[in-house]
Amino acid sequence: EPEVTQTPSHQVTQMGQEVILRCVPISNHLYFYWYRQILGQKVEFLVSFYNNEISEKSEIFDDQFSVERPDGSNFTLKIRSTKLEDSAMYFCASRVAGGYTDTQYFGPGTRLTVL
Amino acid sequence: RKEVEQDPGPFNVPEGATVAFNCTYSNSASQSFFWYRQDCRKEPKLLMSVYSSGNEDGRFTAQLNRASQYISLLIRDSKLSDSATYLCVVKGYSTLTFGKGTMLLVSP
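Listed in order, the protein sequences are those of chains G and S. In terms of the working numbering, the first sequence has 254 at position 108, counting the first letter as 1, and numbering is strictly consecutive. In terms of the working numbering, the second sequence has 255 at position 52, counting the first letter as 1, and numbering is strictly consecutive.
Below, the structure written as structure tokens:
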């Protein structure tokens, strides 16, 4: 069964450093998402991406964040200058296209720890 | 303002018990509704979609009341493997809004 993959599984970084989290969505999917989950908190939407552009973003997704689909398979989330409060689990998700009930499939997540 | 609200639990039940979770949502324009399951430190996984007419998948039954903005999940004949956090999820046009989840612990 095809699945969303994410690398690395765990990233430790120093405050102020840039990090890039990588995702490989399911191959025939057209919509891509990043969510985050701070430990003990709910899963929160960050950004959605379709047709090579951001289609929607939350207030969390400020100028420190960017997304890119550099080639036909990878989808990346960059945090330019990490803060302690960026420590969280970051989940990538993808779905096929169209319809309100299309399922979003989640990757296993990257645990980001900012020291 | 909590967009999707759930009782955090934990619900401690013995194997074989029936347990019900409830959820309320604030955005009346929400288009679709789901229950996801999340194991500790893992990704959310879709358990089932929730339809207005109610739907059942094996031991799991989901109900939606749009007028009351209320969603429920019933689990019959609980198994040890059902122990997890159950996330109520509401979808607008594209993005998912998650509740904080209800923890279920099934004991032998």
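Here a beta-carbon is modelled for each residue, glycine too, at the ideal position from N, C-alpha and C. The model shown is predicted, which means the values in this text are computed figures rather than measured ones.
* Asked: Should residue 259 (chain G) be flagged as near chain S, meaning a C-beta pair shorter than 8 angstroms?
  -> no
* Taking only beta-carbon positions, decide if residue 177 (chain G) is within less than 8 angstroms of chain S. => With a threshold of 8 angstroms between beta carbons, residue 177 (chain G) makes contact with chain S.
* Asked: Once you ignore the five residues that flank residue 226 (chain G) on each side, which residues in its own chain have a CB closer than 6 angstroms to its CB?
  -> 164 and 210
* Which residues does DSSP pair with residue 215 (chain S) in a beta bridge? -> S:308
* Just the C-alpha distance for residue 288 (chain S) and residue 229 (chain G), rounded to the nearest angstrom, thanks. => 28 angstroms
* Asked: What distance in whole Å lies between the Cβ atoms of residue 209 (chain S) and residue 302 (chain S), which are believed to be in contact at a cut-off of 8 angstroms?
  -> 4 angstroms
* Asked: Candidates G:166, G:200, G:157 and G:161: which alpha carbon is nearest residue 298 (chain S)'s?
  -> G:200
* Asked: Within the 8 angstroms Cβ cut-off, does residue 201 (chain G) reach chain S?
  -> yes
* Asked: How far does the beta strand (DSSP E) with residue 268 (chain S) in it reach, from first residue to last?
  -> 263-268 is the span of the beta strand (DSSP E), which, as asked, contains residue 268 (chain S).
* Is the stretch 154-171 of chain G touching the stretch 249-262 of chain S in the sense that three or more CB pairs, one from each, lie closer than 8 angstroms? -> no
* Asked: Does any C-beta atom of chain G lie closer than 8 angstroms to the C-beta of residue 155 (chain S)?
  -> Missing from the structure shown is residue 155 (chain S); chain S here goes from 204 to 311 and no further.
* To do: With distances taken Cα to Cα, identify the nearest neighbour of residue 245 (chain S) among S:296, S:256 and S:290.
  => S:290
* To do: Can you tell me which of the three DSSP states residue 201 (chain G) falls into?
  => Under the three-state reduction of DSSP, residue 201 (chain G) is assigned to strand.
* Asked: Considering only C-alpha positions, which residue in the set G:196, G:215, G:224 and G:251 is nearest to residue 263 (chain G)?
  -> Here chain G has residues from 147 to 261 only, and residue 263 (chain G) is not among them.
* To do: Return the residue from the list S:232, S:285, S:293 and S:254 that minimises the CA-CA distance to residue 243 (chain S).
  => S:285
* Pull up the distance between the alpha-carbon of residue 218 (chain S) and that of residue 308 (chain S), whole angstroms please. => The alpha-carbon of residue 218 (chain S) is positioned some 10 angstroms away from that of residue 308 (chain S).
* **Terminal residues of the beta strand (DSSP E) in which residue 208 (chain S) lies** => Run containing residue 208 (chain S): 207-209, per the beta strand (DSSP E) assignment.
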